[in-house]
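The structure appears right after this line, and notes come after that.
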Amino acid sequence: MIGYQGLALAMLPALVVIGIMIFWSAGARTAAYATFRMLAQLLLIGYVLIYIFKTDRPLVVVAVLLFMLIVASWIAIRHVKQQRMRSFGNSLLSISVPGILVLALVSQFTIGVEPWFSPRYLIPLAGMIFAGAMNAVCLAAERFQSEISRGTTRLEARRVAFQTALIPIINSLFAVGLVSLPGMMTGQILSGVSPLVAAKYQIVVMSMLFGVSGMSAALYLVLQDRLIHTGNGPKGL
Numbered sequence: 520m521i522g523y524q525g526l527a528l529a530m531l532p533a534l535v536v537i538g539i540m541i542f543w544s545a546g547a548r549t550a551a552y553a554t555f556r557m558l559a560q561l562l563l564i565g566y567v568l569i570y571i572f573k574t575d576r577p578l579v580v581v582a583v584l585l586f587m588l589i590v591a592s593w594i595a596i597r598h599v600k601q602q603r604m605r606s607f608g609n610s611l612l613s614i615s616v617p618g619i620l621v622l623a624l625v626s627q628f629t630i631g632v633e634p635w636f637s638p639r640y641l642i643p644l645a646g647m648i649f650a651g652a653m654n655a656v657c658l659a660a661e662r663f664q665s666e667i668s669r670g671t672t673r674l675e676a677r678r679v680a681f682q683t684a685l686i687p688i689i690n691s692l693f694a695v696g697l698v699s700l701p702g703m704m705t706g707q708i709l710s711g712v713s714p715l716v717a718a719k720y721q722i723v724v725m726s727m728l729f730g731v732s733g734m735s736a737a738l739y740l741v742l743q744d745r746l747i748h749t750g751n752g753p754k755g756l
């Protein structure tokens with residue numbers, strides 16, 4: 520059991536980084552705010568999930584998933600300065616469609632969650648999937664906007680942005696098992712599950728993250744490219 524004193528000690532590395540950011544004038548305010556939000560959000564969701572995990576109402580689970588999608592879609596375009604609402608719509612569609620399809624595939628056919636809306640399985644899986652899609656869309660949006668602003672052709676900007684969006688997940692594919700044992704696998708091993716079984720689950724996780732990241736980034740870039748091509752967005756986005 521981790522106490523609050525243990526949590527405080529675990530925060531020391533983060534505080535060191537924030538201190539460096541202050542000294543270098545490297546956006547410490549944003550990092551400190553993000554860290555505070557992380558603490559508040561995780562502690563709050565810990566209490567909320569106690570209730571949600573006990574619910575037998577599928578509408579409650581669907582509402583939680585919808586909220587997660589909206590928040591992820593808004594965060595993903597936080598670097599986009601113009602056409603925010605149109606970009607938000609593209610982001611929401613790009614995260615929702617691949618995200619829901621991958622979630623359905625993994626939860627209903629790969630794992631076989633019973634009942635289908637079981638929040639204990641569906642919400643953690645959805646969190647990983649939506650977060651992976653969000654990060655990919657965020658990187659794609661920022662790089663696409665940057666390339667277009669520099670006068671790069673739309674097709675080249677789309678290609679570069681797509682490659683950039685997939686760098687983190689591809690690095691993870693290279694490193695998993697050799698450099699890192701991801702959270703899900705580590706958690707299962709610590710709970711006593713066979714390392715081979717844990718490895719199989721981690722293969723599922725890595726595959727779904729790579730798939731949803733690529734599909735979400737590609738869909739977003741196609742939609743943003745169409746927004747510019749049809750003249751509904753400024754040339755510099």
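The sequence shown stops at residue 756 when you use this note's numbering, and every number in between is there.
Even for Gly, the Cβ is constructed at its ideal location relative to N, Cα and C.
The model shown is predicted, which means the values in this text are computed figures rather than measured ones.
Residue i classed as buried or exposed, judged by whether at least 16 other C-beta atoms fall within 10 angstroms
{"i": "V599", "result": "buried"}
{"i": "A676", "result": "buried"}
{"i": "Y739", "result": "buried"}
{"i": "E633", "result": "exposed"}
{"i": "A680", "result": "buried"}
{"i": "F636", "result": "buried"}
{"i": "I688", "result": "buried"}
{"i": "Q721", "result": "buried"}
{"i": "L578", "result": "exposed"}
{"i": "M557", "result": "exposed"}
{"i": "L534", "result": "exposed"}
{"i": "Q707", "result": "buried"}
{"i": "A652", "result": "buried"}
{"i": "S626", "result": "buried"}
{"i": "L644", "result": "buried"}
Best match in the options for proximity to residue i [C-alpha to C-alpha]
{"i": "C657", "options": "T574, T671, T672, S610", "result": "S610"}
{"i": "I596", "options": "A529, Q743, Q524, V679", "result": "Q743"}
{"i": "V724", "options": "I594, I708, H748, V695", "result": "V695"}
{"i": "I564", "options": "F586, P577, S668, V535", "result": "F586"}
{"i": "A527", "options": "F555, I539, I630", "result": "F555"}
{"i": "Q601", "options": "A660, G670, P532", "result": "A660"}
{"i": "G522", "options": "I539, R548, L562, Q707", "result": "L562"}
{"i": "R639", "options": "A559, V567, A737", "result": "V567"}
{"i": "D575", "options": "A547, L641, G608", "result": "L641"}
{"i": "A736", "options": "A529, S606, L709, G670", "result": "S606"}
Inter-residue spacing [alpha-carbon to alpha-carbon] between residue i and residue j
{"i": "I648", "j": "I541", "result": "33 Å"}
{"i": "T672", "j": "I569", "result": "50 Å"}
{"i": "S665", "j": "S613", "result": "20 Å"}
{"i": "V731", "j": "T705", "result": "22 Å"}
{"i": "A655", "j": "R662", "result": "11 Å"}
{"i": "A650", "j": "T749", "result": "30 Å"}
{"i": "V583", "j": "M734", "result": "23 Å"}
{"i": "L624", "j": "K719", "result": "16 Å"}
{"i": "S668", "j": "I747", "result": "12 Å"}
{"i": "V580", "j": "I619", "result": "13 Å"}
{"i": "P532", "j": "I539", "result": "11 Å"}
{"i": "I630", "j": "A717", "result": "13 Å"}
{"i": "L715", "j": "L685", "result": "27 Å"}
{"i": "I594", "j": "T683", "result": "18 Å"}
{"i": "R678", "j": "V741", "result": "11 Å"}
{"i": "Q805", "j": "M604", "result": "This structure gives no information on residue 805, because the portion of the chain shown stretches from 520 to 756."}
{"i": "R745", "j": "S592", "result": "19 Å"}
{"i": "I589", "j": "G646", "result": "12 Å"}
{"i": "S544", "j": "A553", "result": "16 Å"}
{"i": "M530", "j": "V712", "result": "29 Å"}
{"i": "F628", "j": "M703", "result": "19 Å"}
Strand pairing of residue i, partner residues [DSSP]
{"i": "V616", "result": "Looking at the DSSP assignment, V616 forms no beta bridge with any residue, so it has no partner."}
{"i": "S699", "result": "V695"}
Whole-number beta carbon distance between residue j and residue i, since they are thought to touch under 8 Å
{"i": "A550", "j": "I571", "result": "Contact flag wrong, Cβ pair sits at about 30 Å."}
{"i": "V621", "j": "M727", "result": "5 Å"}
{"i": "F729", "j": "L692", "result": "6 Å"}
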